[in-house]
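J.: Position in the sequence shown (from 1) plus 34 gives the number in our numbering.
We put the beta carbon where it would ideally sit given N, CA and C, even for glycine.
This one's a predicted model, so the numbers in the text were calculated from it and none came from an experiment.
Dropping a structure here in structure tokens format, bear with me for questions.
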Amino acid sequence: MGTSQRFPQLITFFALSILIFQTHHSNAFYFHCNPHLPVLGRPIHPTDIDLLQFALNLEYLETEWFLNGALGYGLDNIAPRLAAGGPPPLGAKIAKLDNLTKEIIAEFGYQEVGHLRAIKSTVGGFPRPLIDLRARNFAKIMDNAFGYNLDPPFNPYLNTINYLLASYIIPYVGLVGYVGASPNINGYISKGLLTGLLAVESGQDAVIRTLLYQKAEEIVPPYKNLTVADFTTHISCLRDRLGACGDKDEGLIVSRNSGAERRTSSNILSADSNSLAYRRTPAEILRIVYGSGDESHPGGFLPKGGGGKLATEMRMFRLNDHLN
């Protein structure tokens, strides 16, 4: 066969070679940069929806707390559609923060907006519930934590350290809630959403605890003999009492026997004896957030109760109990 006869075959060979290379390269690029989809399972299992929607209660709370504390305004100014017509929070306002803390808290607030969007776009949701961020609500929480009325009443908006102590109360509750939900999430898209949320919530809690740990031994003015570490220990004990399911919370400083591998008294990351995060159920979360120790008795940060099927069912259980 002459050169002129072989030429079309050579062209075809090279064209096929390039196509095969490009296809192989494209597939290799895809699997190098994207996860393999599960062979079995479904994107969002029906049982995932209620658990993920329940998280909106904490996400709404954190959004309004962080945005208002840093900026003086909240979701209605940043992303009003995500509020879905829910009532504005009570008593939310800007805090007197140093510049560094203000920048960090503003970032946290913007992150929470993204969390709301991610949850709602994946599994739907409900309007923002009524949230109580009044200073007197935080004062009541601190009084409950110490077992007596602080004088003057605790004001979370007064300064940076007070705001950080008040912030210590909130993100950790969401963190342990996500850890508690994780074994019950079945869809692979649902799992991806939960782990992404958990990672950022954990980071926020770690930053807050680290900022506080730097001042752990300092007195919180004007409360004589009460240190930053004292506040965190009492808040953690209060959450354990309200949660009513054992010891799942610890302050910034613990006994050496309770520290990581029993070798340290620092406790920047609260965890169990194997340094694994604690977990809480939705009922435990509501007991803490309501401040009542009763998942069917609203109050605290959610005076009219949480939204979504799980919170509503727990509230209705109390109503039905009274009717019977």
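How would you call Phe12, buried or exposed, if buried means at least 16 neighbouring beta carbons within 10 angstroms?
T.: Outside the displayed span of the chain (35 to 358) sits residue 12, for which this structure offers no information.
J.: Would a C-beta distance cut-off of 8 Å place Ile153 and Ser201 closer than the cut-off?
T.: Here residue 153 refers to the residue found at position 119 of the sequence shown. Here residue 201 refers to the residue found at position 167 of the sequence shown. It is not a contact, given that the beta carbons lie outside the stated cut-off.
J.: Would you mind listing the beta strand (DSSP E) stretches within the region 252-314 that are 3+ residues and don't spill past its ends, in chain order?
T.: none
J.: Throw me the rounded Cβ distance for the Arg151 and Leu116 pair, which I believe falls under 8 Å.
T.: As a working note, residue 151 is residue 117 in the sequence shown. As a working note, residue 116 is residue 82 in the sequence shown. Contact between Arg151 and Leu116 is confirmed by a C-beta separation of about 6 Å, below the 8 Å threshold.
J.: Could you check the C-alpha separation between Glu318 and Asp328 for me, to the nearest Å?
T.: Taking the sequence shown and counting its residues from 1, one reaches residue 318 at position 284. Taking the sequence shown and counting its residues from 1, one reaches residue 328 at position 294. One Cα belongs to Glu318, the other to Asp328, and the distance between them is close to 8 Å.
J.: Which of the three DSSP states, helix, strand or coil, is assigned to Asp166?
T.: Within the sequence shown, residue 166 is the residue found at index 132, counting from 1. Of the three classes helix, strand and coil, the one that applies to Asp166 here is strand, per DSSP.
J.: Quick check: what's the CA-CA separation for Pro255 versus Glu93?
T.: Sequence index remark: in the sequence shown, residue 255 carries index 221 (1-based). Sequence index remark: in the sequence shown, residue 93 carries index 59 (1-based). Roughly 30 Å separates the two Cα atoms.
J.: Return helix, strand or coil for Gly103, following the three-state DSSP convention.
T.: Walking along the sequence shown from the start, residue 103 turns up at place 69. Gly103 falls in the helix class under three-state DSSP.
J.: DSSP on Gly75, reduced to helix/strand/coil?
T.: The sequence position of residue 75 within the sequence shown is 41, counting from 1. In the three-state scheme derived from DSSP, where H, G and I count as helix and E and B as strand, Gly75 is classed as coil.
J.: Output the boundary residues of the alpha helix (DSSP H) element that contains Asn133.
T.: To locate residue 133, count along the sequence shown from 1; it is residue 99. Residues 133-157.
J.: Taking Pro217 and Leu164 to be in contact with their CB atoms under 8 Å, please state how far apart those CB atoms are, rounded to whole angstroms.
T.: The residue you call residue 217 lines up with position 183 of the sequence shown. The residue you call residue 164 lines up with position 130 of the sequence shown. That pair is no contact at about 31 Å.
J.: Mind listing, in chain order, the continuous alpha helix (DSSP H) runs of no fewer than 4 residues lying wholly within the region 174-246?
T.: 194-203, 205-215
J.: Give a yes or no on contact between the region 141-151 and the region 98-108, applying the rule of three or more CB pairs nearer than 8 Å.
T.: yes
J.: Would the region 72-90 and the region 221-230 be scored as touching if the rule is three or more Cβ pairs under 8 Å?
T.: Touching, yes.
J.: Nearest-angstrom Cα distance between Tyr312 and Leu105?
T.: Within the sequence shown, residue 312 is the residue found at index 278, counting from 1. Within the sequence shown, residue 105 is the residue found at index 71, counting from 1. Their Cα atoms are separated by approximately 32 Å.
J.: Going by beta carbon distance, what residues of the same chain come within less than 8 Å of Arg321, once the five residues before and after it are set aside?
T.: As a first step, residue 321 is located in the sequence shown; it is residue number 287 there, counting from the start. Cβ neighbours of Arg321 beyond the five flanking positions: Leu276, Gly277, Ala278, Gly327, Asp328, Glu329.
J.: Considering only residues of the same chain and omitting the five flanking positions on each side of Thr261, which have a CB-CB separation below 8 Å?
T.: To locate residue 261, count along the sequence shown from 1; it is residue 227. Closer than 8 Å at the Cβ level, and outside the excluded window around Thr261, lie Ala250, Glu251, Glu252, Ile253, Val254.
J.: Please state whether the Cβ-Cβ distance between Tyr257 and Glu235 is less than 8 Å.
T.: Here residue 257 refers to the residue found at position 223 when the sequence shown is read from its first residue. Here residue 235 refers to the residue found at position 201 when the sequence shown is read from its first residue. Their beta carbons are not under 8 Å apart, which means Tyr257 does not touch Glu235 by this criterion.
J.: With a threshold of 6 Å on Cβ separation, who are the neighbours of Ile302 within its own chain once the five nearest residues in sequence on each side are excluded?
T.: Locating residue 302 in the sequence shown gives position 268, counting from the first residue. Excluding residues within five positions, the ones whose Cβ falls inside 6 Å are Arg243, Thr244, Tyr247.
J.: Which residues bound the alpha helix (DSSP H) around Glu318?
T.: Along the sequence shown, read from residue 1 onward, the residue named residue 318 stands at position 284. Segment 316-324, the alpha helix (DSSP H) holding Glu318.
J.: Decide if Ala179 is buried, meaning its Cβ has at least 16 other Cβ atoms within 10 Å, or exposed.
T.: Counting from one through the sequence shown, the residue named residue 179 turns up at place 145. Ala179 comes out buried.
J.: Under the rule that 16 or more other beta-carbon atoms within 10 Å means buried, what is Ile137, buried or exposed?
T.: Looking up residue 137 in the sequence shown gives position 103. According to the sequence provided, residue 137 is Glu. The question's Ile does not apply to it. Exposed, since its Cβ has fewer than 16 Cβ neighbours within 10 Å.
J.: Got a sec? Which residues, its chain only, sit under 7 Å from Ile269 by beta carbon, not counting five neighbours each side?
T.: For the purposes of this step, residue 269 is identified with residue 235 of the sequence shown, where counting begins at 1. Same-chain partners within the cutoff: Ala179, Tyr202, Ile203.
J.: Kindly indicate which residue of Leu85, Thr267, Gly340 has the alpha-carbon position closest to the one of Ser299.
T.: Along the sequence shown, read from residue 1 onward, the residue named residue 299 stands at position 265. Comparing Cα-Cα distances from Ser299 to each of Leu85, Thr267, Gly340, the minimum goes to Thr267.
J.: I'd like the list of long-range same chain contacts for Lys127, defined as Cβ closer than 7 Å, with 5 residues on each side in sequence excluded.
T.: Mapped onto the sequence shown, residue 127 falls at position 93. The answer, listed in chain order, is Asn102, Gly106, Tyr191.
J.: Could you check which residue in Ala89, Arg314, Ala263 has the C-alpha nearest to that of Leu286?
T.: Against the sequence shown, residue 286 aligns to sequence position 252. For Leu286, the nearest C-alpha among the options comes from Ala263.
J.: Could you check which residue in Pro161, Met176, Ile112 has the C-alpha nearest to that of Gly334?
T.: Sequence index remark: in the sequence shown, residue 334 carries index 300 (1-based). Minimum Cα distance to Gly334 is reached at Met176.
J.: Within a Cβ cutoff of 7 Å, which residues of the same chain sit near Lys225, ignoring the five residues on either side of it in sequence?
T.: Here residue 225 refers to the residue found at position 191 of the sequence shown. Excluding positions up to five away in sequence, the list reads Ile219.
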